[in-house]
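**Q** This is the structure, below, for whatever I ask next.
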Amino acid sequence: MCGIVGYIGNQDAKEILLKGLEKLEYRGYDSAGIAVKNEEAVHVFKEKGRIANLRNIVDETVAATMGIGHTRWATHGIPSKENSHPHQSTSGRFTLVHNGVIENYEQLKREYLSDVEFASDTDTEVVVQLIEKFVTEENLEVLEAFRKTLTLLQGSYAIAFLDESGSDTLYVAKNKSPLLVGLGDDFNVIASDAMAMLQVTDEYVEIMDKEIVLVTKDQVTIENLQGEPVKRPSYKAELDASDIEKGTYPFYMLKEIDEQPLVIRKIIQTYQDDQGQLTINPDIITTVNDADRIYIIAAGTSYHAGLVGKQLIETIAEIPVEVHIASEFGYNMPLLSKKPLFVFISQSGETADSRAVLVHVKELGYPTLTLTNVPGSTLSREADYTLLLHAGPEIAVASTKAYTAQIAVMSILAKVVADHKQKEVPFDLVQELGLVANAMEVLCDSKEILEIMSKEYFTDTPNAFFIGRGIDYYVCLEGSLKLKEISYIQAEGFAGGELKHGTIALIEDGTPIIAVATQASVNLSIRGNVKEVVSRGANPCIISMKGLDMDEDSFVIPEVHELLTPLVSVVPLQLLAYYAAIQRGCDVDKPRNLAKSVTVE
Ligand code: M6R
Numbered sequence: 103m104c105g106i107v108g109y110i111g112n113q114d115a116k117e118i119l120l121k122g123l124e125k126l127e128y129r130g131y132d133s134a135g136i137a138v139k140n141e142e143a144v145h146v147f148k149e150k151g152r153i154a155n156l157r158n159i160v161d162e163t164v165a166a167t168m169g170i171g172h173t174r175w176a177t178h179g180i181p182s183k184e185n186s187h188p189h190q191s192t193s194g195r196f197t198l199v200h201n202g203v204i205e206n207y208e209q210l211k212r213e214y215l216s217d218v219e220f221a222s223d224t225d226t227e228v229v230v231q232l233i234e235k236f237v238t239e240e241n242l243e244v245l246e247a248f249r250k251t252l253t254l255l256q257g258s259y260a261i262a263f264l265d266e267s268g269s270d271t272l273y274v275a276k277n278k279s280p281l282l283v284g285l286g287d288d289f290n291v292i293a294s295d296a297m298a299m300l301q302v303t304d305e306y307v308e309i310m311d312k313e314i315v316l317v318t319k320d321q322v323t324i325e326n327l328q329g330e331p332v333k334r335p336s337y338k339a340e341l342d343a344s345d346i347e348k349g350t351y352p353f354y355m356l357k358e359i360d361e362q363p364l365v366i367r368k369i370i371q372t373y374q375d376d377q378g379q380l381t382i383n384p385d386i387i388t389t390v391n392d393a394d395r396i397y398i399i400a401a402g403t404s405y406h407a408g409l410v411g412k413q414l415i416e417t418i419a420e421i422p423v424e425v426h427i428a429s430e431f432g433y434n435m436p437l438l439s440k441k442p443l444f445v446f447i448s449q450s451g452e453t454a455d456s457r458a459v460l461v462h463v464k465e466l467g468y469p470t471l472t473l474t475n476v477p478g479s480t481l482s483r484e485a486d487y488t489l490l491l492h493a494g495p496e497i498a499v500a501s502t503k504a505y506t507a508q509i510a511v512m513s514i515l516a517k518v519v520a521d522h523k524q525k526e527v528p529f530d531l532v533q534e535l536g537l538v539a540n541a542m543e544v545l546c547d548s549k550e551i552l553e554i555m556s557k558e559y560f561t562d563t564p565n566a567f568f569i570g571r572g573i574d575y576y577v578c579l580e581g582s583l584k585l586k587e588i589s590y591i592q593a594e595g596f597a598g599g600e601l602k603h604g605t606i607a608l609i610e611d612g613t614p615i616i617a618v619a620t621q622a623s624v625n626l627s628i629r630g631n632v633k634e635v636v637s638r639g640a641n642p643c644i645i646s647m648k649g650l651d652m653d654e655d656s657f658v659i660p661e662v663h664e665l666l667t668p669l670v671s672v673v674p675l676q677l678l679a680y681y682a683a684i685q686r687g688c689d690v691d692k693p694r695n696l697a698k699s700v701t702v703e
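The following block contains the structure:
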């Protein structure tokens, strides 16, 4: 979490940094700050809360053409002005921003900095204090002090700092946390995500872990920790500036929900060859086919997509699949099969919990594949293979189009592997995904009715339950996560048959029960479960699929192939959650306590 930007050139640094931070707000929004350097001094502005608060306190009269900025998701130290970045060394000479967690910060404080009075509760401050200590007490050059500091740090970091009394240089380094250098004419920038600096450049250079980068207005010098120079070509960020704007939408989440039909069509197109056949990298197919079991590792919404993926891969490709929560798998690894394949599903490609598993299983020598929306992301770079989601930037913290893209790509993976095994797939996936896109469009056009339903079920309720069976249960887990994360209504998803084993005790008069019924084989059983809760006072909302619908149903989705229903049934759940959050006056795109990329374990 947290986002970093930096600029060095000839223009007003303040505005470029602030605009960049606005694009990175999805990474955290507990506080924000910038530091700009001119001939007089380094000027630091920081404030609790959103970038808008920071804008209010930045002194417009300060002119400077270099600086660094930070938007924070608090880990060490409460969200406050004191704990906001940038942090300064005691003398004020060094000013630093950091994304990540310095795991050994307490030990470093004890061993090296016991005489230093700290101004914040953050782990970050040790870094800037160490640099100052090594410069003043050991007479090291700034670069050497930085290098020495980096050799002491354990954990994750993307760091940038300024030296008030030194040359006009941004000192930069990273380990496990993302950071890019952007190149321009007469200026250079740094950013946690290319999106932030697309305003000035689309040409970027990747920085690898444990490299040090010196960025001046007209030069970028990369070296490894041993001081050896590193040369790396730049690349063009394939991001369209309009993809990262909200346009006429009030919130990114609504825009991203509406983009889903297009995303599905784009995925079909991208994964088709000239003959219209679905195709993926043959090495991936061989790797999947060689595996005796697939282990899907993911978190949050991506985990929910993984559960649906299991059903698809097992049914279509006939390969056994286990789905694991990344943060659990790392500490509680099951007995593995003889030839496992690890598949990491991650919108951002930066989730630290998933990365920890990836690093571990790579050490064990197992093959790895990442499904991600972000080319060049850490999980993509570090896995053996990548399948891209092609969903376009997802900016709302609540994931919507990435979830459906993940499922669509997994269905294609399953189908291509089945074809390779010459296993007959009794339906035309391209055609069925086309029908899914059409159905999604119908649902996106049903906003008014879903807004009314959302009012009926979620106004004033403290809690809500989502029930389904089989694949519908997995969608219920996702529907309940959407509702709780953006509206703060306590919501849980349950397997329909499981409620009566305990949770039914929570049902009271008027408790909303959202039941999803898209599977013929369990249509009657889930309706039986609804009856059980209705007899105890629940307020039922049955979302069924055409062909299985009954008079009592509240909303009917268009008919699609039964294996692909999650792609469609999730849309009304996303919209119900969206309107619940709107009714409650919540900040839909930036729910409290959350951040889009969870880059800490
Ligand atoms: O980037 P990832 O897909 O790895 O992120 C995983 C979760 O943090 C993410 O899905 C989270 O649960 C979303 N906020 C859900 O909407």
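The numbers in our numbering rise by one with no breaks, and the one at position 527 of the sequence shown is 629.
Cβ coordinates follow ideal geometry from the N, Cα and C atoms, glycine included.
These numbers come from a predicted model, not from an experiment.
1) Just how far apart, CA to CA, sit Q533 and G451?
2) Can you confirm whether the stretch 391 to 399 touches the stretch 488 to 496 when touching is taken to mean that 3 or more C-beta pairs between the two stretches lie within less than 8 Å?
3) Just tell me which of T470, K584 and L264 has its CA closest to the CA of V390.
4) Cutting at 6 Å between CB atoms, please list the residues of its own chain near P693, excluding the five before and the five after it.
5) Looking at the structure shown, is E543 part of a helix, part of a strand, or coil, going by DSSP?
6) So which residues touch the region around ligand 1, with touch meaning a C-beta under 5 Å from any heavy atom?
7) Let me confirm a value: P352 is counted as buried when at least 16 other C-beta atoms fall within 10 Å, else exposed. Which label applies?
8) For the stretch 219 to 297, which segments carrying the beta strand (DSSP E) assignment without a break, of at least 3 residues, lie completely within its bounds, in sequence order?
9) Can you round the beta-carbon distance between Y259 and G202 to whole angstroms, since I take them to be within the 8 Å contact cut?
10) Expressed to the nearest angstrom, what Euclidean distance is found between the alpha-carbon atoms of K698 and Y337?
11) Can at least three beta-carbon pairs, one atom from the stretch 114 to 132 and one from the stretch 233 to 249, be found at a separation below 8 Å?
12) Is the Cβ-Cβ distance between S193 and R174 less than 9 Å?
13) Would you mind listing the alpha helix (DSSP H) stretches within the stretch 323 to 366 that are 4+ residues and don't spill past its ends, in chain order?
14) Threshold first: 4 residues or longer. Then list the alpha helix (DSSP H) segments lying entirely within the stretch 367 to 398, N to C.
15) Over what stretch of residues does the alpha helix (DSSP H) that includes A458 continue unbroken?
16) Consider the C-beta atom of N140 and the heavy atoms of ligand 3; say whether any pair is separated by less than 8 Å.
17) Looking at the secondary structure, which residues open and close the beta strand (DSSP E) in which V307 lies?
18) Rounded to whole angstroms, how far is the Cβ of E266 from the Cβ of G284, which I believe are closer than 8 Å?
19) Ignore the nearest five residues each way along the sequence and tell me which others in V700's own chain have a CB closer than 6 Å to its CB.
20) Do E205 and G169 have their CB atoms nearer than 9 Å?
21) Enumerated in chain order, which unbroken segments of the beta strand (DSSP E) with a length of 3 residues or greater are wholly contained in the stretch 527 to 590?
22) Check this for me: beta carbons of P660 and L481, under 9 Å apart or not?
23) K116: which of E127, N140 and R129 sits nearest, CA to CA?
24) With distances taken between CB atoms, is the gap from L678 to M542 smaller than 9 Å?
25) Give every residue of the same chain whose Cβ lies closer than 8 Å to the Cβ of K333, excluding the five residues on either side of it in the sequence, and list them in chain order.
26) With DSSP collapsed to three states, give me the class of K698.
27) Relative to the C-alpha of V302, which residue among V365, T506 and F289 is closest?
28) Rounded to whole angstroms, how far is the Cβ of I616 from the Cβ of F568, which I believe are closer than 8 Å?
29) Alpha carbon to alpha carbon, what distance is there between E246 and G467?
30) Taking the CB atoms as reference points, tell me whether V527 and V670 lie closer together than 9 Å.
31) Over what stretch of residues does the alpha helix (DSSP H) that includes S404 continue unbroken?
32) Hey, out of M299, L198, R195 and T318, whose CA is closest to I110's CA?
**A** This is what the structure gives:
1) 29 Å
2) no
3) T470
4) V499, E587 and I588
5) helix
6) A401, G402, T403, S404, S448, Q449, S450, T453, A500, S501 and V700
7) exposed
8) 259 to 265, 272 to 277, 282 to 285 and 290 to 293
9) 4 Å
10) 25 Å
11) no
12) no
13) 354 to 360
14) 384 to 392
15) A454 to E465
16) Annotation note on ligand 3: not contained in the displayed structure, which lists ligand 1 as its ligands.
17) E305 to E308
18) That pair is no contact at about 24 Å.
19) T453
20) no
21) 565 to 570
22) no
23) N140
24) no
25) I324
26) coil
27) F289
28) 5 Å
29) 36 Å
30) no
31) G402 to L414
32) T318
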